[in-house]
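Student: Take this structure first; my questions come after.
Number of protein chains: 6
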Amino acid sequence: MHLADATWTDVDDCDTDLALLPVGSTEQHGPHAPLGTDTLTATAVADAAAEAYDEEVVVAPAIPVGVAEEHRQFTGTLWVSPETFRDYVRETVQSLAHHGFDRVVVVNGHGGNVDALREVTGTISRHDDAYAVAFTWFESVGEHSSDMGHGGPLETAMLRHLAPELVQEDRLDEAREGAADGWGEWVSRVNLAHDSAEFSENGVVGDPAEGDTERGEELLTLATASLVKLLDAVAKRDVRRPDHR
Amino acid sequence: MHLADATWTDVDDCDTDLALLPVGSTEQHGPHAPLGTDTLTATAVADAAAEAYDEEVVVAPAIPVGVAEEHRQFTGTLWVSPETFRDYVRETVQSLAHHGFDRVVVVNGHGGNVDALREVTGTISRHDDAYAVAFTWFESVGEHSSDMGHGGPLETAMLRHLAPELVQEDRLDEAREGAADGWGEWVSRVNLAHDSAEFSENGVVGDPAEGDTERGEELLTLATASLVKLLDAVAKRDVRRPDHR
Amino acid sequence: MHLADATWTDVDDCDTDLALLPVGSTEQHGPHAPLGTDTLTATAVADAAAEAYDEEVVVAPAIPVGVAEEHRQFTGTLWVSPETFRDYVRETVQSLAHHGFDRVVVVNGHGGNVDALREVTGTISRHDDAYAVAFTWFESVGEHSSDMGHGGPLETAMLRHLAPELVQEDRLDEAREGAADGWGEWVSRVNLAHDSAEFSENGVVGDPAEGDTERGEELLTLATASLVKLLDAVAKRDVRRPDHR
Amino acid sequence: MHLADATWTDVDDCDTDLALLPVGSTEQHGPHAPLGTDTLTATAVADAAAEAYDEEVVVAPAIPVGVAEEHRQFTGTLWVSPETFRDYVRETVQSLAHHGFDRVVVVNGHGGNVDALREVTGTISRHDDAYAVAFTWFESVGEHSSDMGHGGPLETAMLRHLAPELVQEDRLDEAREGAADGWGEWVSRVNLAHDSAEFSENGVVGDPAEGDTERGEELLTLATASLVKLLDAVAKRDVRRPDHR
Amino acid sequence: MHLADATWTDVDDCDTDLALLPVGSTEQHGPHAPLGTDTLTATAVADAAAEAYDEEVVVAPAIPVGVAEEHRQFTGTLWVSPETFRDYVRETVQSLAHHGFDRVVVVNGHGGNVDALREVTGTISRHDDAYAVAFTWFESVGEHSSDMGHGGPLETAMLRHLAPELVQEDRLDEAREGAADGWGEWVSRVNLAHDSAEFSENGVVGDPAEGDTERGEELLTLATASLVKLLDAVAKRDVRRPDHR
Amino acid sequence: MHLADATWTDVDDCDTDLALLPVGSTEQHGPHAPLGTDTLTATAVADAAAEAYDEEVVVAPAIPVGVAEEHRQFTGTLWVSPETFRDYVRETVQSLAHHGFDRVVVVNGHGGNVDALREVTGTISRHDDAYAVAFTWFESVGEHSSDMGHGGPLETAMLRHLAPELVQEDRLDEAREGAADGWGEWVSRVNLAHDSAEFSENGVVGDPAEGDTERGEELLTLATASLVKLLDAVAKRDVRRPDHR
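Quick look at the structure:
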């Protein structure tokens, strides 16, 4: 059940303690893909999983601005500080829990949100009346995951499947030419680059041409199955904190 | 130009310093109207005005959770604290301004956000490298404005015009019966009620039956015209702070 | 009973749960009226109501610096940020409530404090062990209220009645000449001005000549009666938060 | 020049960079002395020094609630957290400095404020466009200073001189009987007591009978002279921060 | 040069802009290894690298309490919130940079600090007058890294090499028996456990018996070489932020 | 029992509610004494007292960076803001109390930490599940205390006794020549200097030559005895907060 579309009485009739909270970002994804890519993909995965899961689950509206300062050299990228992002997510989850939806999976579409979400779901689970974990769809698509990049194969594939009209197909060559091979500049397993503009000309990492519609469909299927499996585990888990040893 | 749908290179080509930031809420709107009403209406007004305005203006994605703790007794209502809301809006505006979109109109669909938006747009305009004001659509629809309520005539009318499938027409009688006549409980011009559940049985204020599709269309037209006029004034205004006297 | 003048043992003997907390501002009021106008008027109204009310009520000392950055272009204006102001008011109210004075009316004399006080009294009433509302005297003086301005008819009248030695009568012409007719610069019901210096030469809004001593006396009588009525309503109100629906 | 009583144009004509900011507290002072003692004495010393100093100096209104949680067991004591107190003082001083009054002496009447004021004046002087120091009157009255107590000889003497009607003379025996000899409970130069109720029955420390009117007059004279001397030193001091060595 | 042991004049003579800031934790490491393991190892690696690097580098004292709430069920574990940890690290780095040591490598010995350090070094590099990265020694020891665990092979090996007297050899069987095979409880690449007590009986992960002295020596050699290489890269890097595209 | 060296199982067997938390600073101590002086001395006193006390007491690792911005003109001085310092200490104490070590003596070696520690131990004792006080060793060494200075007699003596290799004996003349006689620049009992560089050429206050090894030994003996006495008082004290009067 999508909160945005339902009335409060509908939600009140809903017999579940499970909620999905999609979280995206509005940030550059190269010259060929839209700034809203991460919100769009996170929403699609959350929607598909809520549909596929055989028990009821409420779906909150997607949070559209995340931790993306690393892309600020590229026009149109929006961001808030990690602290503000964590506060916004935490308080939204607390309000879900206030109504009994106290097992929450944050469905994330942006790599830059991962650390902040791990931290805030830990804080919520230890200190608030709720249990939360964060699921980042592209980490859970089998061997595809190693191909992630940025505006690269996976995201381009998902967009072609979900919203082909938003992919600027005529700029793919340009996208590929200005792309970096990998994320970051690494020495001794430390990334020396704090901004994506330090290693990518146009913001792209990886080859978007390697992400066709079929791959997009497969990615959505894989991510959905992973999230459904996670929902099931979250529904059944004993989420009480362990006793002091 | 909608940021979510555009590439960073498209946005970079955009020759304007004007931006619209829609802000809504996810909160109860009675048994007949969806929790997402405020986000939906704010987005519609922002979109229509961006379309109607004869210069370019960028439109950010809508912020979906606002200051709505006053509705927390009704299931599904989401909220963040006013402080977190202001931080989230302020930093989003700062990131818009970082790219040169430094004249920002926040387009608001929720009464509970008004105070916080007035404060934060003042703070932004005085202390950041941007100028911002907040426009709340239902305050700027001529004589209709006095009819606002909550889930009442105006919002129901807008929904019927914009998204009739989200209005539960068969619950209108129920909505009307549990509704309050006016917002709050007033003594000496002070509202003694801090929560809407103190004065409304089902969260509704005003009679939703008084908001038909035609009225919705008129409201959208009026709000759009007001916002276009405001955009024009913001575009031309000298936004420097006055000198010390 | 005024806290500042009483001993703790006197206050301990006081059988009430009602408290008044006057809140003013130190800010420009034109060339003819003192910076302390708002503190002075708020204190006078609080004192008169405590005197007139037929049950005991404790009166805290007035908070003299509020949310007044909008007047910062005029020398001598003092201000704190809205956040600091809310913290200061909230913690002061919490300490009142610690002693059992947990029904608190904030008596306000400054328009710039209104939003912040509405927010903080809501926060207190929902999250602390106290109930609080804010009363702004010039909003509750009948038809006079529409005449408010700034350093205009109402405030000048009150000062002439309460502290005529602080009104610079010989500068009234000057005050009137540099005054604005109304507060702000409005387009589509949005105030484009964030600072009073954007629309007023000397900080005055409205004609101070329209506020004579008799009007001041009437204003004090009206405001006092309104506040007494409010105290009575607050004393009798069920201030528990409603149950979840 | 007292800001509260002056118009902004008067203050604008004022040729000085010196300001006094009185800071008090509203807290128990035993069964014989009023809760407002510290605000009253701080204000009196600031007023007397501004009068006695031969150059102009602006005087801000007194801040009436300070760091006094240590007295919370005694009814009527008000307090804010040290953090909120520092913010309130710091921002008030910043607004003074905004108008050119950037050499500020905080005139303090309460022992519990001392640490917080030392910290915040250091922060202001290092990081803001102002220089500030804190003067606590009873630390600067020669050999009397060792007699301070709480509601004891010095404060009772000052009150008898400044506002004898606020001293409950008929409760002096009671005050003396419940008084502690000294402040705190000390082991190895560490005070084990965090609240005054741990060592004083009625909140008094020291013998109030040892503070007659004459002593009060002398104290005011001594404190005023000390503050005038300090004002002169502050006026002449090179307040730039030293260079890095 | 170790700051703790040097005089300010020695440090002033030091011709470098490089600094190392060791960061550890005080937290359970099973029944056989000390709570201070992470501080000890981080310090050892920082010391060895400063020694081995052929240019001068200053070494700050180790920060001993980090982000370790996940181990709070085990007695003696100390922790601060991630926010306080970031503030403490950030301000310490700012003070290093104040003296010209503005290329800082944080040398970390604790997995729980990794996310917070990545965030805060990004914040520092973007917003402060310094460049910082975080190096976690056990991520940079070649193929050993996959063996990390907790109180497992790598840490036990390092301790045996660096401080054998702190390893309780007679409890190794006990340590092994209560150990978990891997860190966390994973479903769909999401760790459902927020506390280590959810998956480990005694806090250990991995087999401590697989970490002998020789391995410890090799680990220190590898980590030191990695850190020296990183220091060199940091010394030579253009650390200016990229221009807006 | 030193937490850093013990396993969690050892600490779990420890039957005490007493803990010592050493707190130092890394800051200039003149041309002859190391930046780590305050951490070193605080640690030594804590260790000696834990040894001498006849009941068990746990000793946390020393916090090495404190409130020392006043020394920032001298190279190598590290500091955090008082607010961050208080947070770091408070949360560390809270984690000690989480395991039952809820009577905590902070053992301090730096004058600049005194105010912040008094505040935070009060906050902890009133609002957290712990009781805490702060002991500053050089305040509790009998008549020696009046000789404190900075890098002067007492600290130099302690260093010569505890770590003679860290004292640059050949720079003592230089140290003495650039030293100030006393701390600060005082008018009317107010210190006008916010930074030590305002009154000391080389950061030293007092004559380091007056601190020989024997004096150092005596200081350690005196401080240890004072701390043992304090531990005993803390162990036996009724630490519940008093009832409201």
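Chains as they are written, first to last, in my numbering: chain A, 5 to 249; chain B, 5 to 249; chain C, 5 to 249; chain D, 5 to 249; chain E, 5 to 249; chain F, 5 to 249. No residue lacks a Cβ here, since even glycine has one placed at the ideal position from N, Cα and C. Bear in mind the structure is a predicted one, so any value in this text is a computation, not a measurement.
1. Would you call the CB atoms of ARG90 of chain B and ALA138 of chain B closer than 8 Å?
2. Specify, as a first and last residue, the run of the beta strand (DSSP E) that PHE89 of chain C falls within.
3. By how many angstroms is the C-alpha of VAL108 of chain F removed from the C-alpha of ALA167 of chain F?
4. Do you know offhand how far ALA56 of chain F's Cα is from VAL232 of chain F's?
5. Let me check you understand the geometry: is the CB of LEU170 of chain E closer than 7 Å to at least one non-hydrogen atom of the ligand COA?
6. Would SER150 of chain C be called buried (16 or more neighbouring beta carbons within 10 Å of its own) or exposed?
7. If I measure Cβ to Cβ from GLY104 of chain A and keep anything under 8 Å in the same chain, skipping five residues before and after, which residues do I get?
8. List in chain order: all unbroken alpha helix (DSSP H) runs of 4+ residues lying wholly within the stretch 126 to 171 of chain D.
9. Could you tell me which uninterrupted alpha helix (DSSP H) segments, each at least 4 residues in length, are contained entirely in the stretch 173 to 200 of chain C, listed from first to last along the chain?
10. Would you mind working out which of F:GLU159, F:ASP42, F:THR125 sits nearest ASP211 of chain F, comparing C-alpha positions?
11. Compute the Euclidean distance between the alpha carbons of VAL62 of chain E and ASP9 of chain B, then round it to the nearest angstrom.
12. Please list, in chain order, the chain C residues whose beta carbon lies closer than 9 Å to that of ARG249 of chain B.
13. Confirm, please, whether the CB-CB distance from GLU222 of chain E to PRO35 of chain E is below 8 Å.
14. Can you name, in chain order, every residue of its own chain whose Cβ lies under 8 Å from the Cβ of GLU60 of chain E, other than the five neighbours on each side?
15. Helix, strand or coil: how does DSSP classify LEU223 of chain C here?
16. For the alpha helix (DSSP H) that LEU44 of chain F lies in, which residues bound it at each end?
17. For GLU205 of chain E, which of E:TRP187, E:ASP216, E:ALA161 has the nearest alpha-carbon?
18. Residues of chain C with CB closer than 7 Å to the CB of ALA237 of chain B, please, in chain order.
19. Return no unless some Cβ of chain C is closer than 8 Å to the Cβ of VAL124 of chain D.
20. Any beta-carbon of chain F closer than 8 Å to the one on VAL27 of chain E?
21. Is there a Cβ from chain B that is less than 8 Å from the Cβ of VAL69 of chain A?
22. Could you name the residues that DSSP lists as bridge partners for HIS75 of chain F?
23. Which residues in chain E have a C-beta closer than 9 Å to the C-beta of PHE89 of chain A? List them in chain order.
24. Leaving out five residues on either side along the sequence, give the residues of the same chain with a beta carbon under 6 Å from the beta carbon of ALA50 of chain C.
25. Looking at the structure shown, is VAL238 of chain F part of a helix, part of a strand, or coil, going by DSSP?
26. Among C:GLY215, C:VAL118, C:LEU100, which one has its Cα closest to the Cα of TYR135 of chain C?
27. Leaving out five residues before and five after ASP203 of chain E in sequence, what residues of the same chain have Cβ atoms less than 7 Å from its Cβ?
28. Against PHE139 of chain B, what residues of chain C qualify as contacts under a CB-to-CB distance less than 9 Å, listed in chain order?
29. Between GLN77 of chain E and THR11 of chain F, which are expected to be in contact by the criterion C-beta below 8 Å, what is the C-beta distance as a whole number of angstroms?
30. When DSSP labels each residue in this structure, what does VAL109 of chain A get in the three-state scheme?
31. Counting only beta-carbon atoms, is PRO38 of chain F nearer than 8 Å to chain D?
32. Going along chain C in order, which residues have a C-beta closer than 7 Å to the C-beta of THR13 of chain D?
33. So, helix, strand or coil for ALA37 of chain E, using DSSP?
34. Relative to the C-alpha of THR47 of chain E, which candidate in E:PRO157, E:GLY207, E:TRP141 has its C-alpha closest?
35. Does the Cβ of ASP242 of chain E have 16 or more other Cβ atoms within 10 Å, making it buried, or fewer, making it exposed?
Tutor: Taking the coordinates as given:
1. Position 86 of the second sequence, counted from the start, is the residue given in the question as residue 90 of chain B. Position 134 of the second sequence, counted from the start, is the residue given in the question as residue 138 of chain B. No. Outside cutoff.
2. As a position in the third sequence, residue 89 of chain C is number 85, starting the count at 1. Element bounds for PHE89 of chain C: not the beta strand (DSSP E) but the alpha helix (DSSP H), 86 to 102.
3. Numbered from 1 along the sixth sequence, position 163 holds the residue referred to as residue 167 of chain F. Numbered from 1 along the sixth sequence, position 104 holds the residue referred to as residue 108 of chain F. If you take the alpha carbons of ALA167 of chain F and VAL108 of chain F, they lie about 27 Å apart.
4. Counting from one through the sixth sequence, the residue named residue 56 of chain F turns up at place 52. Counting from one through the sixth sequence, the residue named residue 232 of chain F turns up at place 228. Answer to the nearest angstrom: the Cα atoms are 7 Å apart.
5. No copy of the ligand COA appears in this structure; indeed no ligand is present at all.
6. Walking along the third sequence from the start, residue 150 of chain C turns up at place 146. Flag for SER150 of chain C reads exposed.
7. Reading the first sequence from its first residue, position 100 is the one you call residue 104 of chain A. If we look at GLY104 of chain A and ignore the five residues flanking it on each side, its Cβ neighbours are ASP21.
8. 157 to 166
9. 176 to 181
10. Here residue 211 of chain F refers to the residue found at position 207 of the sixth sequence. Its Cα nearest to that of ASP211 of chain F, the residue F:GLU159 stands out among F:GLU159, F:ASP42, F:THR125.
11. The count along the fifth sequence starts at 1 and reaches residue 62 of chain E at position 58. The count along the second sequence starts at 1 and reaches residue 9 of chain B at position 5. Rounded to the nearest angstrom, the gap between the Cα atoms of VAL62 of chain E and ASP9 of chain B is 49 Å.
12. Numbered from 1 along the second sequence, position 245 holds the residue referred to as residue 249 of chain B. Residues of chain C passing the Cβ test: GLN32, GLN77, PHE78, THR79, ALA201, GLU205, ASN206, GLY207.
13. Position 31 of the fifth sequence, counted from the first residue, corresponds to residue 35 of chain E. Position 218 of the fifth sequence, counted from the first residue, corresponds to residue 222 of chain E. No, the pair does not count as a contact, with Cβ atoms beyond the cut-off.
14. For the purposes of this step, residue 60 of chain E is taken as residue 56 along the fifth sequence, with counting starting at 1. Excluding sequence neighbours, GLU60 of chain E sits near MET5, CYS18, ASP19, THR20, LEU22.
15. Translated into the one-based positions of the third sequence, residue 223 of chain C becomes position 219. Note: LEU223 of chain C maps to helix in three-state DSSP.
16. On the sixth sequence, position 40 is the one that residue 44 of chain F refers to. Its alpha helix (DSSP H) spans residues 41 to 56.
17. Counting from one through the fifth sequence, the residue named residue 205 of chain E turns up at place 201. Of E:TRP187, E:ASP216, E:ALA161, the residue nearest in Cα terms is E:TRP187.
18. In the second sequence, residue 237 of chain B corresponds to position 233, counting from 1. Here the neighbours are VAL191, LEU196.
19. Your numbering for residue 124 of chain D matches position 120 in the fourth sequence. VAL124 of chain D does not count as touching chain C.
20. Residue numbering aside, residue 27 of chain E sits at position 23 when the fifth sequence is read from its first letter. Answer no: the Cβ-Cβ gap between VAL27 of chain E and chain F never drops below 8 Å.
21. One-based indexing of the first sequence puts residue 69 of chain A at position 65. It does: the Cβ of VAL69 of chain A has a partner Cβ on chain B nearer than 8 Å.
22. The residue you call residue 75 of chain F lines up with position 71 of the sixth sequence. According to DSSP, which records beta bridges pairwise, HIS75 of chain F is partnered with nothing at all.
23. As a working mapping, residue 89 of chain A is identified with position 85 in the first sequence. Within chain E, no residue comes near PHE89 of chain A; the closest Cβ sits about 11 Å away, beyond 9 Å.
24. Here residue 50 of chain C refers to the residue found at position 46 when the third sequence is read from its first residue. Its chain contains LEU24, PRO26, VAL63, VAL111 as the residues whose beta carbon lies nearer than 6 Å to that of ALA50 of chain C, once the 5 sequence neighbours on both sides are disregarded; these appear in chain order.
25. Residue mapping note: residue 238 of chain F aligns to position 234 of the sixth sequence, counting from 1. VAL238 of chain F falls in the helix class under three-state DSSP.
26. Residue numbering aside, residue 135 of chain C sits at position 131 when the third sequence is read from its first letter. When only C-alpha atoms are compared, the closest one is C:LEU100.
27. One-based indexing of the fifth sequence puts residue 203 of chain E at position 199. Note that residue 203 of chain E is Phe in the sequence shown here, rather than Asp. Excluding residues within five positions, the ones whose Cβ falls inside 7 Å are ALA184, GLY188, GLU189, ALA197.
28. On the second sequence, residue 139 of chain B is found 135 positions in, with the first residue counted as 1. Chain C residues near PHE139 of chain B: SER192, ARG193, VAL194.
29. Sequence index remark: in the fifth sequence, residue 77 of chain E carries index 73 (1-based). Sequence index remark: in the sixth sequence, residue 11 of chain F carries index 7 (1-based). Between the beta-carbon of GLN77 of chain E and that of THR11 of chain F there is about 15 Å, and that puts the pair past the 8 Å contact cut.
30. If you number the first sequence from 1, residue 109 of chain A lands on position 105. Reduced to three states, the DSSP call for VAL109 of chain A is strand.
31. Locating residue 38 of chain F in the sixth sequence gives position 34, where the first residue counts as 1. Under the Cβ distance rule, PRO38 of chain F does not count among the residues neighbouring chain D, no pair being separated by less than 8 Å.
32. By one-based count along the fourth sequence, residue 13 of chain D stands at place 9. PRO35, listed in chain order.
33. Looking up residue 37 of chain E in the fifth sequence gives position 33. Strand, per DSSP.
34. Residue mapping note: residue 47 of chain E aligns to position 43 of the fifth sequence, counting from 1. Looking at the Cα atoms, E:TRP141 is the closest of the given residues.
35. Numbered from 1 along the fifth sequence, position 238 holds the residue referred to as residue 242 of chain E. By the neighbour-count rule (16 or more Cβ atoms within 10 Å), ASP242 of chain E is not buried but exposed.
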